[in-house]
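To keep things clear, I will list the structure first and then write my remarks on it.
There are 2 protein chains.
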Amino acid sequence: MIMADKVYIVGVGMTKIGRWYNRSAKDLFYEAMSKAIEDAGGVKPQALVIGNMTSSVLMEQDSLAALLADHSGLRGIPAFKVEAACGSGGAAFYAGYSLVKSGLADIVAVGGVEKLTEGISSETTKALAQAADAEYEVFYGASFTGLNALVARYYMSKYGYTREDMAYWPLRMHEYATSNPYAQLPKKTSLEAIIKSPVVAEPLHLFDCSPIGDGAAAVILVRGEGKAREVSRRIGRDVLVEVRGVALSTDSVDLGSRTDLLTLTSTVDASRQAYRMAGITAKDVDYLEVHDAFHITGYLALEDMGFATKGEAPKLWKEGRFAKGDKPEVNLSGGLKARGHPVGATGIYQIAECVLQLRGEFPGVRASDPTIAVAQNIGGIATYSAITVLGRAR
Amino acid sequence: MIMADKVYIVGVGMTKIGRWYNRSAKDLFYEAMSKAIEDAGGVKPQALVIGNMTSSVLMEQDSLAALLADHSGLRGIPAFKVEAACGSGGAAFYAGYSLVKSGLADIVAVGGVEKLTEGISSETTKALAQAADAEYEVFYGASFTGLNALVARYYMSKYGYTREDMAYWPLRMHEYATSNPYAQLPKKTSLEAIIKSPVVAEPLHLFDCSPIGDGAAAVILVRGEGKAREVSRRIGRDVLVEVRGVALSTDSVDLGSRTDLLTLTSTVDASRQAYRMAGITAKDVDYLEVHDAFHITGYLALEDMGFATKGEAPKLWKEGRFAKGDKPEVNLSGGLKARGHPVGATGIYQIAECVLQLRGEFPGVRASDPTIAVAQNIGGIATYSAITVLGRAR
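Note that the protein sequences, when read in sequence, are chains A and B. Residue numbers for the first sequence follow my numbering, so the first one is 1 and each next one is one higher. Residue numbers for the second sequence follow my numbering, so the first one is 395 and each next one is one higher.
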């Protein structure tokens with residue numbers, strides 16, 4: 001039976017993440033969008049949703065979605081920008097999914113782009129702090145890393161972890177990233193280097209944090225198995241990637257009005273909803289990309305998505321769980337930590353990576369023949385959580 | 395037959411537009427959202443889409459949608475912000491429509507909010523200029539009013555209109571606004587006052603332009619006639635308002651790469667698409683709210699939506715066409731000119747006004763028993779056009 005209203009991802013494109021001082025957001029997005037269209041056998045998107053956080057502040061440019069549509073040869077199509085802080089990409093995907101699912105468009109592109117090196121670095125830090133509460137947090141001097149440091153310190157104190165215990169996250173991410181051609185930091189590191197790296201906000205040191213970088217990624221969605229199979233036939237691909245579940249949840253922006261600082265409540269809610277929509281449980285997940293903007297958010301994601309009990313993720317991780325060959329395999333891309341974190345594009349990178357892993361085409365460390373892949377993208381400290389469940393069909 | 399997948403607007407709420415130096419965006423939005431929920435008999439929205447342009451620059455606050463959801467008692471629900479410059483409200487409605495139509499949520503709130511008096515006025519002018527192209531226009535000194543002035547001057551020169559000819563637009567808008575309790579400028583004016591008002595960017599003088607103001611508006615969408623009728627019964631309302639057509643189109647951001655400066659191409663495209671989706675033509679439109687950020691954009695909208703031939707709108711308008719009692723009746727709210735233009739909220743004000751006119755409940759100048767109402771909201775100089783067609787059912 002041909003399913004007429006299922007949604008499929010038929011094309012993906014990414015740029016290498018880096019400090020592209022000599023390239024504009026338009027140029028980066030054009031590269032990603034062109035690659036995605038080529039990957040989808042040349043289909044023309046009928047609508048475009050853009051995930052981006054900082055263009056208003058760092059590029060002094062609103063109207064971003066129309067600008068990028070025009071620059072990519074798509075002038076005229078419906079287009080808008082979605083902002084959900086660092087979760088803008090995942091939220092844009094959620095919005096794009098609804099456009100294609102609702103029938104407003106049959107072929108929808110969702111792109112993420114971020115140009116963080118547009119201003120001086122103090123401006124970038126200030127722009128990123130807008131993920132936090134301007135009145136209750138930033139006004140009093142909090143930086144975004146500072147707030148994550150509070151959570152990390154509390155977690156380590158409560159569960160008895162040292163900085164070295166936590167450092168196995170960045171260690172593994174750097175190792176994976178060495179073979180990812182899109183990664184910003186394709187460099188191995190050592191426990192010693194991580195621990196001795198300069199402090200950013202105790203207990204977070206430089207190598208515990210994701211880097212500042214520019215990048216763009218795009219994916220193309222179509223509605224209907226017939227259309228998806230038509231694309232596959234045209235380009236000789238035997239794998240279909242279906243969007244089996246999407247969910248978006250929110251929490252307070254300020255940490256002070258939450259009841260539990262060590263649970264990403266929106267990730268708990270959104271992952272449950274997305275699993276239910278997909279008809280799966282955490283046990284069925286073969287491959288996972290989580291939002292490790294800092295090691296702490298990576299560990300919390302594993303716990304809050306049902307892969308570890310609270311307080312145990314760093315221990316399991318250090319023992320080798322979630323590595324290549326385990327189930328689920330996690331962040332073989334190198335994660336935000338080493339693949340990079342071009343904020344509003346990150347959620348789209350994760351989804352593109354999941355698609356390529358399901359197809360067996362990821363150009364870095366390859367997952368072990370996964371059937372179900374999940375991406376978790378958060379904004380703020382899980383003020384937003386966007387969960388996307390993808391499934392392989394043949 | 396009960397239509398299960400039609401979409402209805404069951405609640406609307408607005409704040410009075412003004413220079414609310416002593417109120418925050420959160421406070422304004424809370425008022426609008428609470429009113430909309432009350433107007434919808436207390437239904438609880440399951441998702442929230444926010445239209446806003448300038449929060450990143452003037453409030454230094456991203457994560458706006460989650461912040462507003464939380465502050466309105468809706469913590470946890472899916473929420474994201476849509477940016478499409480001055481068309482953010484209309485684009486947010488388009489996104490919200492797709493969420494409810496796709497089945498991702500059954501009850502969706504779409505809100506618009508803008509706090510333009512947050513910074514000093516030079517910052518506001520700079521923030522609004524982000525609707526234009528940062529590299530090709532603003533870098534060279536263009537303000538957003540300056541760009542509209544170029545279009546107005548060309549139009550007046552080509553079709554032989556004087557400033558007095560054009561001034562009948564603001565004249566009528568100010569008259570209507572006197573009885574709109576939500577209007578920022580509920581004050582009559584005169585042709586002489588308009589013509590003698592201080593220059594902003596020739597040929598646009600102060601009274602030819604919409605004012606700077608703060609405001610918030612919200613509407614609540616539900617899917618299914620059954621659900622809509624249930625709300626109506628609960629609150630004793632005998633009119634259903636159905637969303638019959640939505641469309642969003644884009645154009646280049648910079649004017650320099652367009653072929654025709656005097657046609658809002660995205661408005662032509664989006665209105666055709668929305669009429670087609672609704673199964674109507676321009677002749678069927680009883681009531682119309684258009685985006686008269688400047689008199690010129692109001693006149694162009696009438697021409698490009700099929701209500702006047704190119705170059706004739708100001709002549710027809712001066713003769714009394716489009717006034718109360720004509721078909722269509724246009725901007726009985728007072729329009730952006732006098733009701734006000736809280737940028738990202740404007741598109742939601744227009745839709746809320748259309749809903750109240752269809753119900754016969756608008757608290758200002760009331761339309762003559764309309765059946766079909768259309769809202770046109772643009773971003774930039776129609777870089778974005780969002781068209782919404784609403785129909786009355788009993």
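Backbone N, C-alpha and C define an ideal beta-carbon position, used for all residues, glycine too.
K429(B) counts as buried, since no fewer than 16 other beta carbons sit within 10 angstroms of its beta carbon. Between L206(A) and P198(A), the alpha-carbon positions lie close to 6 Å from each other. Not one beta carbon of chain A lies nearer than 7 Å to the beta carbon of E508(B). In terms of Cα proximity to P439(B), the closest of K509(B), G734(B), R417(B) and L493(B) is L493(B). In this structure, the beta-carbon distance from A218(A) to A373(A) does not fall below 7 Å.
If you draw a straight line from the Cα of S252(A) to the Cα of G87(A), it is about 14 Å long. In summary, no residue of the segment 275-288 of chain A has a CB separated from any CB of chain B by less than 8 Å. Excluding its 5 nearest sequence neighbours in each direction, G785(B) has C-beta neighbours in its own chain below 6 Å: E636, R638 and I766, listed in chain order. Under a criterion of Cβ atoms nearer than 7 Å, the residues of chain A adjacent to S450(B) are, in order, S56, V57 and Q130.
Against chain B, a Cβ distance below 7 Å from L104(A) picks out S492.
Residue-level contact by beta carbon holds for D456(B) and chain A, with a gap shorter than 7 Å. Unbroken alpha helix (DSSP H) runs of no fewer than 4 residues, entirely contained in the segment 109-146 of chain A, are found at 121-128, following chain order. Cβ neighbours of G650(B) within its own chain (closer than 7 Å, five residues either side excluded): Y530. Contact between the segment 512-523 of chain B and the segment 721-734 of chain B is absent, with fewer than three C-beta pairs closer than 8 Å. Shown here, N180(A) sits in coil according to DSSP, grouped into three states, outside any helix or strand.
Annotation for A393(A): L240 and E242 place their beta carbon closer than 7 Å to its own, counting only its chain and skipping 5 residues before and after.
The alpha-carbon separation between D456(B) and A84(A) amounts to approximately 7 Å. Taking 7 Å as the cut-off, the beta carbon of G380(A) is found closer than this to the beta carbon of A131(A).
Residue contact with chain A for S665(B): absent (no Cβ-Cβ distance below 7 Å to any residue of chain A). The beta carbon of H465(B) lies closer than 8 Å to those of K420, F423 and Y424 in the same chain, with the five residues before and after it left out. DSSP lists L390(A) as the beta-bridge partner residues of V243(A). Secondary structure of G490(B) (DSSP, three-state): helix.
For M699(B), no chain A residue has a C-beta closer than 7 Å to its own C-beta; the minimum C-beta separation is roughly 17 Å.
By the C-beta criterion, the segment 307-322 of chain A is judged not to be in contact with the segment 347-360 of chain A, since fewer than 3 inter-stretch pairs fall below 8 Å. Taking the Cα of D286(A) as reference, the smallest distance to any Cα among D260(A), G141(A), K324(A) and S266(A) is reached at K324(A).
For A419(B), no CB of chain A lies under 7 Å from its own CB, so it is not counted at the interface with that chain. Around the beta carbon of E558(B), fewer than 16 other beta carbons lie within 10 angstroms, which makes this residue exposed.
In this structure, P605(B) sits away from L565(B), with a CB-CB distance that is not shorter than 7 Å.
Non-local C-beta neighbours of A65(A) in its own chain, meaning closer than 8 Å and more than five positions away in sequence, comprise L48, V49, I50, A79, F80 and K81, ordered along the chain. Pairing L658(B) with A776(B) gives a Cβ-Cβ distance under 7 Å. Pairing R760(B) with I351(A), the inter-Cα distance amounts to about 50 Å. Counting only unbroken stretches of 3 or more residues, the beta strand (DSSP E) elements lying wholly within the segment 642-724 of chain B are 681-683, in sequence order. Our two residues, G76(A) and A69(A), have alpha carbons roughly 8 Å apart in a direct line.
Comparing alpha carbon positions, the residue from M699(B), L598(B), V616(B) and I781(B) closest to G436(B) is V616(B). Within chain B, no C-beta atom comes less than 7 Å from the C-beta of A323(A); the nearest is roughly 33 Å away. For a Cβ distance threshold of 7 Å, residue set D62 of chain A lies close to M447(B), ordered along the chain.
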